[in-house]
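For what it's worth, my numbering labels the leading residue of the sequence shown as 162, then goes sequentially. C-beta atoms are modelled at their ideal positions from N, C-alpha and C, and glycine is treated no differently. Just so you know, these numbers come straight off a predicted model, no measurement behind them. As structure tokens, the structure follows; a few thoughts come after it.
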Amino acid sequence: MSVAERPLTHYALLSLAVAVVTFFLKLAAWRLTGSVGLLSDALESLANVAAALIAYGSLALAARPADEDHAYGHTKVEYFAGGCEGLFILAAAVGIGWNAVGRLIAPQPLEMVGVGVVVSVVASLLNLVVARVLFRVAGARHSVALEADAQHLMTDVWTSAAVVLAVGLVVVTGWDWLDPVVGLLLTAHIIVSGVKLMHAAMLGLIDTGLPAEELARARGILEACGERGVHWHALRTRQAGTRRFLSVHLLMPGEWTIARGHAEAEEIEASLRAAVPRLTVFTHLEPVEDPVSWEDTGLDRGA
């Protein structure tokens with residue numbers, strides 16, 4: 162079964178399974194070494210478990226077809242998953258910072274460093290493989306929830322790399338205080354990641370327009386219509402998870418019949434849908450010679 166055929170929830174379950182495994186691996190690494198850095202790594206992996214659960218639930222709901230109460234579908238719920246992931250990351254950062262400050266005040270030597278590092282590296286490699294899969298699927302299917310989950314996992318990968326480096330420096334230098342200092346630095350890094358995820362979710366919830374590349378393709382198609390005597394204005398776009406929405410007013414010669422105008426509009430809509438995946442198009446036809454047709458130019462916002 163190809164990437165385009167598998168349900169998105171399949172990949173969310175894969176992320177959940179790996180998140181559970183990596184959490185217990187990193188928890189074991191912390192228990193073996195006593196490293197605050199490895200504890201911070203384990204706590205972030207616990208946040209991955211919660212985030213994967215939210216991602217699975219949101220994707221399952223987003224896949225439901227439109228109904229009487231949700232005529233435009235349920236895909237916007239994916240932004241809820243992104244916002245929750247940001248909150249989980251911030252909560253993990255608080256826990257990491259708390260433990261790091263305590264260990265900085267009272268440094269403790271690390272134990273069984275070799276075994277702990279190996280366990281942490283294995284867990285990180287699992288996260289890296291799954292993150293790459295999620296990024297590929299999210300890009301192909303335009304899934305906000307899967308992309309947020311992939312970003313979360315990659316943050317975990319980089320965090321683990323920094324922790325392993327810190328543990329190695331402690332072993333080489335004997336400076337036990339390096340471990341909690343790295344924990345505090347990771348706290349700052351994780352907070353930034355959480356804020357970014359919440360910001361992206363907020364943009365989706367307030368109906369942000371199409372990405373620049375997709376908007377440029379849509380504009381190119383509309384501009385080309387001028388060669389057939391069709392003009393346009395009042396272009397408005399928004400995103401809702403994997404779906405895109407576009408509305409535009411098409412101005413056509415008043416001498417055309419309704420049938421011809423409708424045929425032109427259908428052709429333009431088909432071209433727009435071909436250029437922008439998962440696009441729903443709404444067009445409004447107006448006679449180009451009628452001054453009333455231009456009275457709604459206030460709808461133009463430079464989109």
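Inset, instruction - Enumerate in chain order the residues of its own chain whose CB-to-CB distance from S281 is below 8 Å, with the five nearest sequence positions on each side excluded. - result: On the sequence shown, position 120 is the one that residue 281 refers to. L186, K187, A190, L199, D202, S321, V324 and V325.
Legend entry - CB contact flag (L446, L411, <8 Å): Taking the sequence shown and counting its residues from 1, the one referred to as residue 446 is at position 285. Taking the sequence shown and counting its residues from 1, the one referred to as residue 411 is at position 250. Contact flag set, yes.
Legend entry - T403 and R302 closer than 8 Å at C-beta: Translated into the one-based positions of the sequence shown, residue 403 becomes position 242. Translated into the one-based positions of the sequence shown, residue 302 becomes position 141. In contact: T403 and R302 (Cβ atoms closer than 8 Å).
Inset, instruction - Measure the CB-CB distance between V409 and A395 and report whether it falls below 8 Å. - result: To locate residue 409, count along the sequence shown from 1; it is residue 248. To locate residue 395, count along the sequence shown from 1; it is residue 234. Yes.
Legend entry - H410 - partner residues in DSSP beta bridges: Position 249 of the sequence shown holds residue 410. Partner(s): H394 and H445.
Inset, instruction - Going by CA-CA distance only, name the one from F406, A436, E375 and E416 that's closest to F443. - result: Translated into positions along the sequence shown, residue 443 becomes position 282. Nearest to F443 by alpha-carbon distance, out of F406, A436, E375 and E416, is F406.
Legend entry - Outcome for H313 when other beta-carbon atoms lying within 10 angstroms are tallied against a minimum of 16: Start at 1 with the first residue of the sequence shown, and residue 313 comes out as number 152. With 16 or more other Cβ atoms within 10 Å, it is buried.
Inset, instruction - Assign A224 to one of three DSSP states: helix, strand, or coil. - result: The residue you call residue 224 lines up with position 63 of the sequence shown. Correct three-state label for A224: coil.
Legend entry - Option in L347, Q400 and L364 with minimal Cα separation from A261: Along the sequence shown, read from residue 1 onward, the residue named residue 261 stands at position 100. The shortest Cα separation from A261 among L347, Q400 and L364 belongs to L347.
Legend entry - For L207 and F184, believed in contact at Cβ under 8 Å, the rounded distance: Within the sequence shown, residue 184 is the residue found at index 23, counting from 1. Within the sequence shown, residue 207 is the residue found at index 46, counting from 1. Right, the Cβ-Cβ distance comes to about 5 Å (below 8 Å), so this counts as a contact.
Legend entry - Unbroken alpha helix (DSSP H) run spanning Y172, endpoints: As a position in the sequence shown, residue 172 is number 11, starting the count at 1. Where Y172 is concerned, the enclosing alpha helix (DSSP H) stretches over L169 to T194.
Inset, instruction - Starting from the Cα of L307, find the closest Cα among T316, L295 and D317 and give me that residue. - result: Within the sequence shown, numbered from 1, the residue matching residue 307 stands at position 146. Among T316, L295 and D317, the Cα nearest to that of L307 belongs to L295.
Inset, instruction - Return the chain-ordered list of same chain residues with a C-beta closer than 8 Å to the C-beta of V210, the five sequence neighbours on each side being excluded. - result: Within the sequence shown, the letter at position 49 stands for residue 210. Closer than 8 Å at the Cβ level, and outside the excluded window around V210, lie L177, A180, V181 and F184.
Inset, instruction - Measure the alpha-carbon distance for R389 versus E374 and round it to whole angstroms. - result: The sequence position of residue 389 within the sequence shown is 228, counting from 1. The sequence position of residue 374 within the sequence shown is 213, counting from 1. Distance between the alpha carbons of R389 and E374: 24 Å.
Inset, instruction - Go ahead and pull the three-state DSSP assignment for L440. - result: In the sequence shown, the residue the question calls residue 440 occupies position 279. Here L440 sits in strand by DSSP.
Legend entry - C-alpha gap between R380 and A426, whole angstroms: As a first step, residue 380 is located in the sequence shown; it is residue number 219 there, counting from the start. As a first step, residue 426 is located in the sequence shown; it is residue number 265 there, counting from the start. Distance between the alpha carbons of R380 and A426 is about 15 Å.
Inset, instruction - Report, in whole angstroms, the separation of the C-beta atoms of Y233 and A227, which I expect to be a contact under 8 Å. - result: The count along the sequence shown starts at 1 and reaches residue 233 at position 72. The count along the sequence shown starts at 1 and reaches residue 227 at position 66. Their Cβ separation, rounded to whole angstroms, is 6 Å, which keeps Y233 and A227 in contact under 8 Å.
Legend entry - I367: first and last residue of the uninterrupted alpha helix (DSSP H) it sits in: Here residue 367 corresponds to residue number 206 of the sequence shown, with the count starting at 1. Segment: none, I367 is in no alpha helix (DSSP H) and carries neither H nor E.
Legend entry - Residue-level contact to chain D via CB, C386, 8 Å cutoff: The structure shown has no chain D; it contains just one protein chain.
Legend entry - For A401, the residue or residues it bridges with in DSSP: Residue numbering aside, residue 401 sits at position 240 when the sequence shown is read from its first letter. DSSP, once it has assigned bridges, lists R404 as partnering A401.
Legend entry - Coil, strand or helix - H231 by DSSP: Numbered from 1 along the sequence shown, position 70 holds the residue referred to as residue 231. In this structure, H231 counts as coil in the three-state DSSP scheme.
Inset, instruction - Alpha carbon to alpha carbon, how far is D317 from S342? Give it in angstroms, no decimals. - result: Counting from one through the sequence shown, the residue named residue 342 turns up at place 181. Counting from one through the sequence shown, the residue named residue 317 turns up at place 156. In the sequence on display, residue 342 carries Val and not Ser. Cα to Cα, the separation comes out at about 18 Å.
Legend entry - Simplified DSSP state of T418, which is helix, strand or coil: Position 257 of the sequence shown holds residue 418. Coil.
Legend entry - Beta-carbon proximity list for E450, same chain, < 7 Å, skipping 5 on both sides: Within the sequence shown, numbered from 1, the residue matching residue 450 stands at position 289. Hits under 7 Å: G415.
Legend entry - CA-to-CA distance, W393 to S454, given in whole angstroms: In the sequence shown, counting from the first residue as 1, residue 454 sits at position 293. In the sequence shown, counting from the first residue as 1, residue 393 sits at position 232. The straight-line gap from Cα to Cα measures roughly 10 Å.
Legend entry - With 16 other Cβ atoms within 10 Å as the buried cut-off, status of G329: Here residue 329 is taken as the residue at index 168 of the sequence shown, counted from 1. Its Cβ having fewer than 16 others within 10 Å, G329 is exposed.
Legend entry - The alpha helix (DSSP H) enclosing A306, as first and last residue numbers: Position 145 of the sequence shown, counting from 1, holds the residue named residue 306. Start and end: V305 to T334.
Legend entry - Same chain, Cβ closer than 8 Å to G218, neighbours up to 5 away in sequence not counted: Walking along the sequence shown from the start, residue 218 turns up at place 57. Counting only residues of its own chain and dropping the five nearest sequence neighbours on each side, G218 has a CB closer than 8 Å to the CB of A242.
Legend entry - Contacting residues, own chain, Cβ-Cβ under 6 Å from H171 (five flanking each side not counted): In the sequence shown, counting from the first residue as 1, residue 171 sits at position 10. Excluding residues within five positions, none has a Cβ falling inside 6 Å.
Legend entry - G344, buried or exposed, once every other Cβ within 10 Å from all chains shown has been counted against 16: For the purposes of this step, residue 344 is identified with residue 183 of the sequence shown, where counting begins at 1. Flag for G344 reads buried.
Legend entry - Endpoints, the alpha helix (DSSP H) within which E375 is located: Along the sequence shown, read from residue 1 onward, the residue named residue 375 stands at position 214. Counting along the chain, E375 sits inside the alpha helix (DSSP H) bounded by residues A373 to A385.
Inset, instruction - Using a threshold of 8 Å, state whether the C-beta atoms of I215 and S354 are closer than that. - result: Stepping through the sequence shown from its first residue, residue 215 is reached at position 54. Stepping through the sequence shown from its first residue, residue 354 is reached at position 193. No; because the gap between Cβ atoms is not below 8 Å, this pair is not in contact.
Inset, instruction - Compare the Cα-Cα distances from V391 to each of R421, T194, A401 and L364 and report the closest residue. - result: Along the sequence shown, one-based indexing puts residue 391 at 230. Looking at the Cα atoms, R421 is the closest of the given residues.
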